[in-house]
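Asks: Protein chains in written order, with this note's numbering: chain Y, 424 to 754; chain P, 424 to 754.
(1) How is residue 736 (chain Y) classed by DSSP in three states: helix, strand or coil?
(2) Inspect the beta-carbon positions of residue 729 (chain Y) and residue 703 (chain Y) and report whether they are closer than 8 Å.
(3) Do residue 638 (chain P) and residue 647 (chain P) have their C-beta atoms closer together than 8 Å?
(4) Pair every Cβ in the region 496-513 of chain P with every Cβ in the region 453-470 of chain P, then say whether three or more of these pairs are closer than 8 Å.
(5) Report the residue from Y:609, Y:750, Y:460 and Y:523 whose alpha carbon sits nearest the alpha carbon of residue 662 (chain Y).
(6) Is DSSP giving residue 538 (chain Y) helix, strand or coil here?
(7) From residue 550 (chain P) to residue 448 (chain P), what does the alpha carbon distance come to, in whole angstroms?
(8) Spatial neighbours of residue 530 (chain P) within its chain, please: C-beta separation below 7 Å, excluding the five flanking residues on both sides.
(9) Name the chain B residues whose beta carbon is nearer than 7 Å to that of residue 472 (chain P)?
(10) Output needed for residue 580 (chain Y): all residues of its chain with C-beta closer than 6 Å, excluding positions within five of it in sequence on either side, in chain order.
(11) To which residues does DSSP link residue 678 (chain P) through a beta bridge?
(12) Is there a C-beta anywhere in chain Y that falls below 8 Å from the one on residue 684 (chain P)?
(13) Starting from the N-terminal side, write out each stretch of the alpha helix (DSSP H) that is 4 residues or longer and does not extend beyond the region 461-542 of chain P.
(14) The region 478-506 of chain P: which residues have C-beta closer than 9 Å to a C-beta of chain Y, in chain order?
(15) Identify the contact partners of residue 476 (chain Y) in chain P, using a Cβ-Cβ distance below 9 Å as the criterion.
(16) With distances taken Cα to Cα, identify the nearest neighbour of residue 528 (chain Y) among Y:535, Y:645, Y:666 and Y:558.
(17) In chain P, which residues lie with their C-beta within 8 Å of the C-beta of residue 452 (chain Y)?
(18) The region 533-550 of chain P: which residues have C-beta closer than 9 Å to a C-beta of chain Y, in chain order?
(19) Output yes if chain Y places a C-beta closer than 8 Å to the C-beta of residue 653 (chain P); else output no.
(20) I'd like to know whether the C-beta atoms of residue 666 (chain Y) and residue 659 (chain Y) end up nearer to each other than 8 Å.
(21) Assuming the contact rule is C-beta atoms closer than 8 Å, residue 543 (chain Y) and residue 443 (chain Y) should be a hit. Round their C-beta distance to whole Å, please.
(22) In chain P, which residues lie less than 7 Å from residue 511 (chain Y) when you measure between Cβ atoms?
(23) Step through the CB atoms of chain P and report whether any lies within less than 8 Å of the CB of residue 557 (chain Y).
(24) Among residues of its own chain, excluding the 5 on either side of residue 458 (chain P), which ones have a beta-carbon nearer than 8 Å to its beta-carbon?
(25) Give the interface partners of residue 737 (chain P) over in chain Y, defined as CB-CB distance under 8 Å, in chain order.
(26) Within its chain, find whatever has a CB closer than 6 Å to the CB of residue 522 (chain Y); leave out the 5 residues flanking it on each side and keep chain order.
(27) Just to confirm my understanding: we take residue 751 (chain Y), look at its own chain, exclude 5 residues before and 5 after, and list those with CB closer than 7 Å. What are they?
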């Protein structure tokens, strides 16, 4: 294997977040599943947007947030995903490149507009997501640049991709290319409902294609259909090389073979918006992983990056995570 | 005069803000005038955007921020301004209407895209603005709905409009319609460089058409070409019924006939981004003015609204200002 050019290449839905404050009554009134990611069609998207308050447009997308975070941590990152050749698509490309991420997937020149995720942030700082995939549905196997993947240490895939057949095909092609190049495949379960929709296929993927797994507590319980976190640990141990499992304010647990490392959550003055917490945990974790750091440091990096992202609106870092992590690790 | 439908109708440039962090070296490298609003053409806009970091798109525009603030304060507000029929134009209309502001000016169906302001926020929380007017240049006298103006207690105009002949005509038409209806005309000087460009015309406007003037210290000094704030006070007293003059952390001074009221700035834990401070001061002030409140309360309302806006990114309120003001005035 020649020297890799990138630490991580991520493949995911390219989505512009539209963040707005809302109260719990709004979620009830509009039938939104609190804390979850729900796919919405164009009509539902329009109705929700019409009803919600003023928004802030900030580029997002789960896997893209992770590589934006990795770049802020000093890593070399690339992204594969689909926007349209419209204003929001240009904004999206600008933001990712300005974050230091290589992003060359051509924009769609027809079909639906660049995807948007209407994110309602309730007073408890929880986020509820309603995603109109838009042009992201146009991602197909041809967009997966095998040469790019072969030049990357880790190929990172989001569970959200699994909702569409062409994206599944793209996913499988990417995983195969990574393994052929002797590189690692990382996977995030993304969302509990996503796990419930695709449980059998996810289990197959994890056992046969995934080296590094990211999940939060409710996702891993849903995957193994168990009631307690402790029951999930031995199950996941046999399935992947490394599992990094997040538990919100309880911190995270890293399982690597027989090793089980508990990492505390990073203290934070005030949680403003939890959007991107898992994405940035993965960014921090991978920034250590690609440098061969020990698991406790990888987890700590994840915790620090996640703490930064939940201290403000939006899922992209607002400060140099590299500097932040260096300070915190020294302290 | 029949019972007015609106407290304030504002006329201004409809602009989507693109907010990004930058350091002072970036401003120097790209020749940006720190703290000022500079008009940029399409080429310069593209070059700046290409060089700047990831942005957050938040609807803005000075006068529009003021009416969005007024609506949050419980007032009835309308806006006249020009977007294009593109994605950002739709975002802009959504955000203003979602804030509770009536906005019926038809979008341009040809010509430049919806205007954007590239706002660079430096670590000292100061904002430096580079505005590509885009579709805002299409605002013309026909867009000024005289009937709407006649139904509003106050017509609020921004100095930024004065950079284009058609907008000047629109401005004059609006002022005349307001006076014909027995309503008040409010005017903000907007920016020191804007005052310097149009000093003679601004003086004429203020003496002959304006009832309520808003300005910050550097703007009022530039208008009267005086060296100290104290020298400006007697000058402005003879020119308008009410002048509300802001001095950043030194608070504000309201001049109404012989009355001179000093209002302290509202204490704030941490200034994050000064974008919109003047716009929201005007919103708070006018929310008291249209209810016939005394000048000290009008100024206090302005200070409270300005303090909220500088405590976060973007120039639109993130909480109910009506509730906030009620709490603060009671305390």
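Virtual Cβ for every residue (Gly too), placed ideally from N, Cα, C.
Everything numeric in this text was worked out from a predicted model, so none of it was measured.
Replies: So, from the data block:
(1) coil
(2) yes
(3) no
(4) no
(5) Y:609
(6) In the three-state reduction of the DSSP assignment, residue 538 (chain Y) falls in the strand class, which pools E and B.
(7) 14 Å
(8) 506, 507, 508 and 512
(9) Of the protein chains in this structure, namely Y and P, none is chain B.
(10) 434, 594 and 610
(11) DSSP lists P:666 and P:683 as partners of residue 678 (chain P).
(12) no
(13) 465-474, 485-495 and 510-521
(14) 478, 479, 480, 481, 482 and 491
(15) 518, 521 and 522
(16) Y:558
(17) In chain order: nothing, as chain P lies at least about 15 Å away.
(18) 536 and 537
(19) No, its Cβ sits nowhere closer than 8 Å to a Cβ of chain Y.
(20) Going by beta carbons, residue 666 (chain Y) and residue 659 (chain Y) fall inside the 8 Å limit.
(21) A Cβ-Cβ distance of about 6 Å is found for the pair residue 543 (chain Y) and residue 443 (chain Y), placing them in contact under the 8 Å criterion.
(22) 510
(23) no
(24) 549, 550 and 551
(25) 479
(26) Result list for residue 522 (chain Y): 491 and 494, in chain order.
(27) 727
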